């Protein structure tokens with residue numbers, strides 16, 4: 001599993017351990033930003049906490065503070081795009097993440113994020129292209145396989161029953177089994193669920 005996927009898992013585990021994680025993070029961020037209002041790491045951490053608290057506009061403001069100083073900051077472009085997506089501003093989210101992809105055409109997280117926004121706009125084929133690009137760049141990216149598989153499942157629901165899409169979802173998860181060793185149980189479970197839905 002890549003760093004992105006590991007980070008998501010660790011973050012979710014931390015939330016289970018500390019129910020006050022977001023409040024603690026916000027309090028700590030405010031304390032640190034009084035000492036250094038341009039601390040990029042703390043601004044990013046605060047944007048995560050605000051996003052999790054569904055304070056999306058405030059999260060975007062934190063992103064903007066970083067982007068004023070560092071307009072090519074890939075992770076903050078991703079964070080802003082992610083938050084815009086939470087606001088259902090998917091077209092703006094795509095524009096934002098495309099800036100990151102223009103700076104780094106191998107930014108896997110960017111392709112995954114763009115795919116998610118395209119999926120939300122029901123541009124399924126374009127989303128698949130983005131997910132395929134992310135997988136091409138990192139075949140071990142379990143998060144992208146999951147997103148792509150969910151897209152196929154959602155696409156199936158939108159088209160009622162389409163056996164070809166079920167098979168594409170299963171093939172996607174089988175490919176993930178080859179590369180994402182740590183997530184094999186989850187992908188096997190997803191394959192079984194799809195087989196029972198047919």
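Residue numbers (UniProt numbering): 1 to 198. Backbone N, C-alpha and C define an ideal beta-carbon position, used for all residues, glycine too. Computed from a prediction, not measured in an experiment: that's the story for all the values here.
Residue 119 versus residue 95: straight-line alpha-carbon distance, rounded: As a working mapping, residue 119 is identified with position 119 in the chain shown. As a working mapping, residue 95 is identified with position 95 in the chain shown. One C-alpha to the other measures close to 15 Å.
Neighbour-count burial assignment, residue 195, 16 or more Cβ in a 10 Å radius: The residue labelled residue 195 in the question sits at position 195 within the chain shown. Exposed, because fewer than 16 other Cβ atoms sit within 10 Å of the Cβ of residue 195.
Through-space distance from residue 33 to residue 2, alpha-carbon basis: For this step, residue 2 is matched to residue 2 along the chain shown. For this step, residue 33 is matched to residue 33 along the chain shown. Low confidence applies to residue 2: its pLDDT is 46, below 50, so where it sits in the model is not reliable, and the reading given next is rough at best. Rounded to the nearest angstrom, the two C-alpha atoms are 30 Å apart.
Whole alpha helix (DSSP H) elements within the region 85-171, 4-residue minimum: 90-103, 108-120, 124-137, 142-158
Limits of the unbroken alpha helix (DSSP H) element including residue 63: Within the chain shown, numbered from 1, the residue matching residue 63 stands at position 63. Its alpha helix (DSSP H) spans residues 56-69.
Among 58, 37, 104, 124, nearest to residue 75 - alpha-carbon criterion: The residue given as residue 75 occupies position 75 in the chain shown. The shortest C-alpha separation from residue 75 is found at 104.
First and last residue of the uninterrupted alpha helix (DSSP H) at residue 183: Along the chain shown, one-based indexing puts residue 183 at 183. Note, residue 183: premise wrong, no alpha helix (DSSP H); not H, not E.
Distance, residue 153 Cα to residue 185 Cα: Looking up residue 185 in the chain shown gives position 185. Looking up residue 153 in the chain shown gives position 153. If you take the alpha carbons of residue 185 and residue 153, they lie about 19 Å apart.
Collapsed DSSP secondary structure at residue 73 in the structure displayed: In the chain shown, residue 73 corresponds to position 73, counting from 1. In this structure, residue 73 counts as coil in the three-state DSSP scheme.
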